[in-house]
Amino acid sequence: MKAVIVNCFDTYEDRVDLVHECFLRKGYEVTVIQSDFMHIKKTSRQQLKNDYIFVKSKPYFKNLSLTRLYSHYKYGKDSFKVIEKIQPDLLYTFVPPNSLALFASKYKKRNRKMKLILDIIDLWPETLPIEKFKTLPPFTFWGKMRDNCFKYADHVITECELYQTVLSDALKNTKTQTIYLAKKEIKLVRKAQLSEKKINLAYLGSINNLIDITKIKEIIEAIKNVKPVTLHIIGDGESKQELIKEAKLSGANVIYYGKIYDPQLKQDIFDKCHFGLNIMKSSVCVGLTMKSIDYFQHGLPILNNIPSDTSKIVENYDVGLNVMDLNLKEFEKKIIFNKDNLVKRRNALNLYEELFSSKAFFKKLDKII
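With the UniProt record's numbering, the residue at position 214 of the sequence shown is 214, and numbering never jumps.
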């Protein structure tokens, strides 16, 4: 039995690797087809991987551009030329780009016996920072390109429950399942060293136009009423200088580390921190972030304003504080006690094991394939 996984972005590669491993365990002969263009670095890939075919793709340098859309379309077309030769029994397609769903549905129509699984890991145009234009052509057509393909899929997976809610009309009469983002287990030495005199916050990941810097300022200013604040920033992006500047203006001491890939080095920083910031603009349609899973894996509670999945998780598992509507007095009371924080740290680790570990991922995917 042959399985093909087709994916456009290296940013989803952790999830791709988990799907790949799950298929191997089931005895499939697995091929992963992926673009050779690396979205974050904006360079062509040089490193090869077992079972991966990297398809030559047109570079793009702006995330919102016609060049990028054309690059995705051309990649999809070229990928399915490879898939035609392999003739898989199972095709697992990561979406977006929405054009991949289009090519996958066309291939399914010609190969009815093949099993097609669509994995919706983002919503375009719903999650893009183009609020004024989402309801106008060509963006409405862009979303329908994806939605019209669901009826050809044997199963549609979403990375969070929010996506199923947003797509509920399009997903009628379709088998669906939420399988959360997951990270492979890593060996870490964790030793919390929490200051009683100040509050240390962490920000991890891309520093882009999706994060709500105004909200981060509010949080810092609220904590400053009780204790001094230090913000530890791990990551990079076009909004880096703005975040650093606004955090300082809000009264925080800022320590910027740049990108850190070593998990233990990240752990050593998180061991000093009381909370990780999981803060995005309210206009962004997202229910779960990879950074929140990173925090949980390291045993770090979060300050969160992501609705739906994450806000429910924070409440139900006691792994942080939801800060959508800041009640300053309540917030100040809740944030200052290290004893409560240590409980939340243990809860975060347990949560990771239960929902976001590779074991949890395999258990859910096994039932579908």
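Glycine residues also receive a C-beta, built at the ideal position from the N, C-alpha and C atoms.
Less than 8 Å between the beta carbons of residue i and residue j, yes or no?
i    : j    : result
V226 : E332 : yes
F103 : K77  : yes
D122 : I157 : no
G299 : A348 : yes
T310 : N341 : no
K281 : D212 : yes
Y295 : L231 : no
S35  : C8   : yes
K26  : I368 : no
M324 : N305 : yes
I302 : I269 : no
V19  : Y92  : yes
D318 : Q193 : no
A360 : A182 : yes
L321 : K334 : yes
Tell me which residue opens and which closes the beta strand (DSSP E) that residue i is part of.
i    : result
T93  : 90-95
T230 : 229-234
L277 : 275-278
I199 : 199-204
L321 : 320-322
I255 : 253-258
I157 : 155-158
Q177 : 176-178
Relative to the C-alpha of residue i, which residue among the options is closest?
i    : options                : result
I5   : S292, V32, Y203        : V32
I186 : L162, L18, E221, P263  : P263
K217 : G205, A153, L201       : L201
H72  : K81, K42, P97, V16     : P97
S292 : I219, N253, Y180       : Y180
R112 : D89, M38, D14, N350    : D89
F54  : T67, F80, Y352         : F80
D169 : K151, N327, T178, K184 : K151
L355 : E159, G320, K115, K339 : E159
K2   : R15, E29, F362         : E29
K108 : K183, D154, T178       : D154
I223 : K183, K198, S283       : K198
How would you label residue i, buried or exposed, when you count the other beta carbons within 10 angstroms and need 16 or more for buried?
i    : result
L24  : exposed
N173 : exposed
L265 : exposed
Y70  : exposed
S65  : exposed
K215 : buried
F37  : buried
F337 : exposed
Which stretch, first to last residue, makes up the alpha helix (DSSP H) that contains residue i?
i    : result
N304 : Taken as a continuous stretch (DSSP letters only), N304 belongs to no alpha helix (DSSP H), being part of the beta strand (DSSP E) at 302-304.
K240 : 240-249
I115 : Before going on, a small fix: residue 115 reads as Lys here, not Ile. Note, K115: premise wrong, no alpha helix (DSSP H); beta strand (DSSP E) at 115-120.
Q297 : 290-297
A101 : 98-110
P125 : Note, P125: premise wrong, no alpha helix (DSSP H); not H, not E.
S311 : 309-317
> Enumerated in chain order, which unbroken segments of the alpha helix (DSSP H) with a length of 4 residues or greater are wholly contained in the segment 6-79?
Replying inline: Listed in chain order, the alpha helix (DSSP H) runs fully inside the segment 6-79 are 13-25, counting runs of at least 4 residues.
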